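Q: What follows is a single structure, and I will ask about it in a moment.
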Amino acid sequence: MNKKRKLGRGVAVVGAGMSQFDMFDDRDSKDLFTEAFSSMLASVDKGLDPRDIDALYLGNFTNDFFVNQSHWSAIISDAIGLVPRPATRTEGACASSALAFREGVFAIASGFYDMVLVGGVEDMSKRSTAEVAEGLALAAVPYERKAGFTFPGVFGAIATAYFDKYGAGREDLMNVTIKSHNNAPLNPKAQFQTTIRDIMDGKIARAQSKGDALPQWTDERDFLADPQANPSIAWPIHLFDCCPISDGGACMLLVGEEIARNFTDDPLYVVGLGQGSGRGLHAADDLTYFEATRAAAQEAYGMADLGPEDIQCCEVHDCFSIAELIHIEDLGFFKAGQGYKAVAEGMTRLDGAKPINTSGGLKCKGHPVGATGVAQLIEIWEQLRHQAGDRQVPNSNLRIGAAHNVGGTGGTSTFTILERR
Amino acid sequence: MAERPISDHWFEEFLKEEKIMGSRCTACKTLFVPPRSVCSKCYSAEMQWEEIASKGRLAAFTCIAIGPSFMTEEGYDRKNPYCTGVVELTEQTRVVARIEGVDTQDPASIKVGMPLSAKFLHRDSGDKPKTFLAFEPQITENE
Numbered sequence: 001m002n003k004k005r006k007l008g009r010g011v012a013v014v015g016a017g018m019s020q021f022d023m024f025d026d027r028d029s030k031d032l033f034t035e036a037f038s039s040m041l042a043s044v045d046k047g048l049d050p051r052d053i054d055a056l057y058l059g060n061f062t063n064d065f066f067v068n069q070s071h072w073s074a075i076i077s078d079a080i081g082l083v084p085r086p087a088t089r090t091e092g093a094c095a096s097s098a099l100a101f102r103e104g105v106f107a108i109a110s111g112f113y114d115m116v117l118v119g120g121v122e123d124m125s126k127r128s129t130a131e132v133a134e135g136l137a138l139a140a141v142p143y144e145r146k147a148g149f150t151f152p153g154v155f156g157a158i159a160t161a162y163f164d165k166y167g168a169g170r171e172d173l174m175n176v177t178i179k180s181h182n183n184a185p186l187n188p189k190a191q192f193q194t195t196i197r198d199i200m201d202g203k204i205a206r207a208q209s210k211g212d213a214l215p216q217w218t219d220e221r222d223f224l225a226d227p228q229a230n231p232s233i234a235w236p237i238h239l240f241d242c243c244p245i246s247d248g249g250a251c252m253l254l255v256g257e258e259i260a261r262n263f264t265d266d267p268l269y270v271v272g273l274g275q276g277s278g279r280g281l282h283a284a285d286d287l288t289y290f291e292a293t294r295a296a297a298q299e300a301y302g303m304a305d306l307g308p309e310d311i312q313c314c315e316v317h318d319c320f321s322i323a324e325l326i327h328i329e330d331l332g333f334f335k336a337g338q339g340y341k342a343v344a345e346g347m348t349r350l351d352g353a354k355p356i357n358t359s360g361g362l363k364c365k366g367h368p369v370g371a372t373g374v375a376q377l378i379e380i381w382e383q384l385r386h387q388a389g390d391r392q393v394p395n396s397n398l399r400i401g402a403a404h405n406v407g408g409t410g411g412t413s414t415f416t417i418l419e420r421r
Numbered sequence: 422m423a424e425r426p427i428s429d430h431w432f433e434e435f436l437k438e439e440k441i442m443g444s445r446c447t448a449c450k451t452l453f454v455p456p457r458s459v460c461s462k463c464y465s466a467e468m469q470w471e472e473i474a475s476k477g478r479l480a481a482f483t484c485i486a487i488g489p490s491f492m493t494e495e496g497y498d499r500k501n502p503y504c505t506g507v508v509e510l511t512e513q514t515r516v517v518a519r520i521e522g523v524d525t526q527d528p529a530s531i532k533v534g535m536p537l538s539a540k541f542l543h544r545d546s547g548d549k550p551k552t553f554l555a556f557e558p559q560i561t562e563n564e
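As you go down the protein sequences, you meet chains A and B in turn.
Our numbering puts the first residue of the first sequence at 1, with every later residue one more than the last.
Our numbering puts the first residue of the second sequence at 422, with every later residue one more than the last.
Below, the structure written as structure tokens:
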């Protein structure tokens, strides 16, 4: 565990692209991955012949039971014209494409391949909310499922333990949601591009046009405390604490670092990789942190010779608002039990000392589960290369960014650090 | 009792007999609930069944409004949420279990730390009877 990791050969990211994230009636995940692939090709500054790609690693979680189709990597390989190159699917629940990214890095670092496409895709919206919830819960621990836990339920239980131990409350979850929604309108690929204030104004306007009594919310937190506007899903987790059901695709092009500048003068380098596994609620070390994340962070920081203070912007796996509080502590950005105070003080805002989820996070950007890990890294790619537009972190000296991806209820966790040189 | 292999299957069979059974490692003495057939601390395979006292305190909980189909079939929904949680047993180990006898309409009344005792929910779905582990607030007995 404490062994210092290193790559046998340096690996760089030279291209990245994602589809629009949303719920699509008329497009499947093949269509969405094709969109991501075209966007990736356009992102390679000096161009690329796709025939030079050696292999594809594709993260995908739910295809088997949401669209009754398995073996999606070969289908995608055909859709983007990579046949007969090898295509391999990785599955780690909501961390599936972070695992694809890692496999791609290892394949290049070993010297076996020079250029690998890594990505992920998910098609979730063709099923009812209840079916999606039940399908996702397949990645929970069997004992929890038998006790009636859902995904939001597991995070609800974690929230009650966190509140009890550290004195936080529902308003601290609301602060995470409001912050994510403030970043969302700045991300044109996001599923929700509205602030909480926009949503309130919309509801007030609708009430006005229907001649109904106007809601009397005093501010965003008052709106989020209204059970009509924000019903409980798995108390204390409410609707606005949850990421949406999403469709989307994302991919990145990895190459051996000695050829990176053939593709761009501004590659990013993979400097830290960490992955851990975790246990169910009954066996976990503690209910207020994820041992898998702590292990992944330790491994990645050790490999990179960096610490939490060096990470200038980070995407964390905010499947539920409480998760963001847990992760920013587990990754060492804030001490255990201090994360909620840091959020309340604005430290994780776009213009804060430690910008977290500048993309809007899973909450607003969307969470097509198999695509998320790579989509998070794409946000870091755009931020470090100063291509994030209106949501660019206001720091002219951005050099180090990271992304943290979780599968299941903490069963898998990854942490990946990218560097611009 | 006859030697039953240590497995999730037999853990559930014991629940039908209203017993919570864990496994204890004879080498390092660690207790596991639900049982493990190999010790994840010292890797010994010398494990023994051990009955658990069936009492504990609430470590974490949630009141679920949108549950899986087997729960909605019991009549739970947005208007009638059910509680499930994590129970810290007297033996210092934890189990996940349904929490009964609490007011899910007023989750603020449910307190982490409250003392609980086990209750066995016998469900007869066709030819496959099943028992779910649950806990409920401990009734203080008047001596």
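Idealized CB from N, CA, C, for every residue including glycine.
Note that the structure is a prediction, hence the values are computed from the model and not measured.
Return yes when the Cβ of His-282(A) is within less than 8 Å of the Cβ of Val-523(B), no when it is not.
A: Counting from one through the second sequence, the residue named residue 523(B) turns up at place 102. Counting from one through the first sequence, the residue named residue 282(A) turns up at place 282. No, the Cβ-Cβ distance between Val-523(B) and His-282(A) is not below 8 Å.
Q: For the alpha helix (DSSP H) that Tyr-301(A) lies in, which residues bound it at each end?
A: For the purposes of this step, residue 301(A) is taken as the residue at position 301 of the first sequence. First-last of the alpha helix (DSSP H) with Tyr-301(A): 291 to 304.
Q: Where does the unbroken beta strand (DSSP E) through Met-200(A) begin, and where does it stop?
A: Looking up residue 200(A) in the first sequence gives position 200. Where Met-200(A) is concerned, there is no enclosing beta strand (DSSP E), although the alpha helix (DSSP H) it sits in stretches over 196 to 210.
Q: So, helix, strand or coil for Tyr-340(A), using DSSP?
A: The sequence position of residue 340(A) within the first sequence is 340, counting from 1. Correct three-state label for Tyr-340(A): helix.
Q: Using a Cβ-Cβ cut-off of less than 8 Å, give me the residues of the stretch 262 to 282 of chain A that come near chain B, in sequence order.
A: Gly-280, Leu-281 and His-282
Q: Apply the 10 Å Cβ neighbour rule to Ile-560(B) and answer buried if 16 or more other Cβ atoms are within range, or exposed otherwise.
A: Here residue 560(B) refers to the residue found at position 139 of the second sequence. It counts as exposed.
Q: At the level of alpha carbons, what is the spacing between Ile-485(B) and Cys-446(B)?
A: Counted from its first residue, the second sequence places residue 485(B) at position 64. Counted from its first residue, the second sequence places residue 446(B) at position 25. Going from the Cα of Ile-485(B) to the Cα of Cys-446(B) covers about 35 Å.
Q: Please report the residue range of the alpha helix (DSSP H) in which His-181(A) lies.
A: Looking up residue 181(A) in the first sequence gives position 181. Run containing His-181(A): 170 to 183, per the alpha helix (DSSP H) assignment.
Q: So does the stretch 178 to 191 of chain A actually touch the stretch 352 to 372 of chain A, counting three or more Cβ pairs closer than 8 Å?
A: yes
Q: Tell me whether Val-406(A) is buried or exposed, calling it buried when 16 or more other Cβ atoms sit within 10 Å of its Cβ.
A: Walking along the first sequence from the start, residue 406(A) turns up at place 406. With 16 or more Cβ atoms within 10 Å of its Cβ, Val-406(A) is classed as buried.
Q: Going straight from the alpha carbon of Pro-84(A) to that of Val-132(A), what length do you get?
A: Indexing the first sequence from 1 puts residue 84(A) at position 84. Indexing the first sequence from 1 puts residue 132(A) at position 132. Going from the Cα of Pro-84(A) to the Cα of Val-132(A) covers about 33 Å.
Q: Quick check on Tyr-464(B): buried or exposed, where buried means 16 or more other Cβ atoms within 10 Å of its Cβ?
A: In the second sequence, the residue the question calls residue 464(B) occupies position 43. It is exposed - the Cβ of Tyr-464(B) has fewer than 16 other Cβ atoms within 10 Å.
Q: Is it right to say Lys-179(A) is buried, meaning 16 or more other beta carbons lie within 10 angstroms of its own, or is it exposed?
A: In the first sequence, residue 179(A) corresponds to position 179, counting from 1. Classification of Lys-179(A): buried, given that the 10 Å Cβ count is 16 or more.
Q: If the criterion is Cβ atoms closer than 8 Å, does the pair Thr-505(B) and Gly-148(A) meet it?
A: On the second sequence, position 84 is the one that residue 505(B) refers to. On the first sequence, position 148 is the one that residue 148(A) refers to. The answer is yes: Cβ separation under 8 Å.
Q: For chain B, is any of its Cβ atoms less than 8 Å away from the one on Glu-144(A)?
A: Indexing the first sequence from 1 puts residue 144(A) at position 144. Interface residue, yes.
Q: Is it true that the CB of Thr-416(A) sits closer than 8 Å to the CB of Ala-403(A)?
A: Taking the first sequence and counting its residues from 1, one reaches residue 403(A) at position 403. Taking the first sequence and counting its residues from 1, one reaches residue 416(A) at position 416. In contact: Ala-403(A) and Thr-416(A) (Cβ atoms closer than 8 Å).
Q: Can you tell me whether DSSP reads Gly-8(A) as helix, strand or coil?
A: Reading the first sequence from its first residue, position 8 is the one you call residue 8(A). Correct three-state label for Gly-8(A): coil.
Q: Per DSSP, what are the beta-bridge partners of Met-115(A) in this structure?
A: Here residue 115(A) refers to the residue found at position 115 of the first sequence. Its beta-bridge partners are Val-255(A).
Q: Scan the stretch 532 to 564 of chain B for residues whose Cβ lies nearer than 8 Å to a Cβ of chain A and list them as they occur along the chain.
A: Val-533, Gly-534, Phe-553 and Leu-554
Q: Looking only at C-alpha atoms, which of Ile-378(A), Ala-55(A) and Val-116(A) sits nearest to Ala-36(A)?
A: Along the first sequence, one-based indexing puts residue 36(A) at 36. The residue with the shortest Cα to Cα distance from Ala-36(A) is Ile-378(A).
Q: Is the stretch 350 to 360 of chain A touching the stretch 322 to 336 of chain A in the sense that three or more CB pairs, one from each, lie closer than 8 Å?
A: Cβ pair count under 8 Å is three or more, so yes.
Q: Does any CB atom of chain A fall closer than 8 Å to the CB of Gly-506(B)?
A: Counting from 1 along the second sequence, the entry for residue 506(B) is found at position 85. True, the Cβ-Cβ gap to chain A drops below 8 Å.
Q: Residue range of the alpha helix (DSSP H) that Phe-192(A) falls in?
A: Along the first sequence, read from residue 1 onward, the residue named residue 192(A) stands at position 192. No alpha helix (DSSP H) contains Phe-192(A), which DSSP labels as neither H nor E.
Q: What residues from chain A crowd round Cys-484(B), counting only those whose CB sits closer than 8 Å?
A: Here residue 484(B) corresponds to residue number 63 of the second sequence, with the count starting at 1. By Cβ distance, chain A contributes Gly-156, Ser-232, Ala-234 and Trp-235.
Q: Taking just the CA atoms, how far does Gln-275(A) sit from Met-535(B)?
A: Counting from 1 along the second sequence, the entry for residue 535(B) is found at position 114. Counting from 1 along the first sequence, the entry for residue 275(A) is found at position 275. Looking at the two C-alpha atoms, the distance is approximately 36 Å.
Q: Given Pro-394(A), which residues of its chain have a CB within under 6 Å of its CB, disregarding the five upstream and five downstream residues?
A: In the first sequence, the residue the question calls residue 394(A) occupies position 394. Taken in chain order, the residues that qualify are Asp-351.
Q: Could you check if Gln-228(A) is buried or exposed, using at least 16 other CB atoms within 10 Å of its CB as the buried criterion?
A: In the first sequence, the residue the question calls residue 228(A) occupies position 228. Result: exposed.
Q: Could you say which of Gly-477(B), Ala-481(B) and Cys-460(B) lies nearest to Pro-236(A) if we only look at CA atoms?
A: Position 236 of the first sequence, counted from the first residue, corresponds to residue 236(A). Closest by alpha carbon: Ala-481(B).
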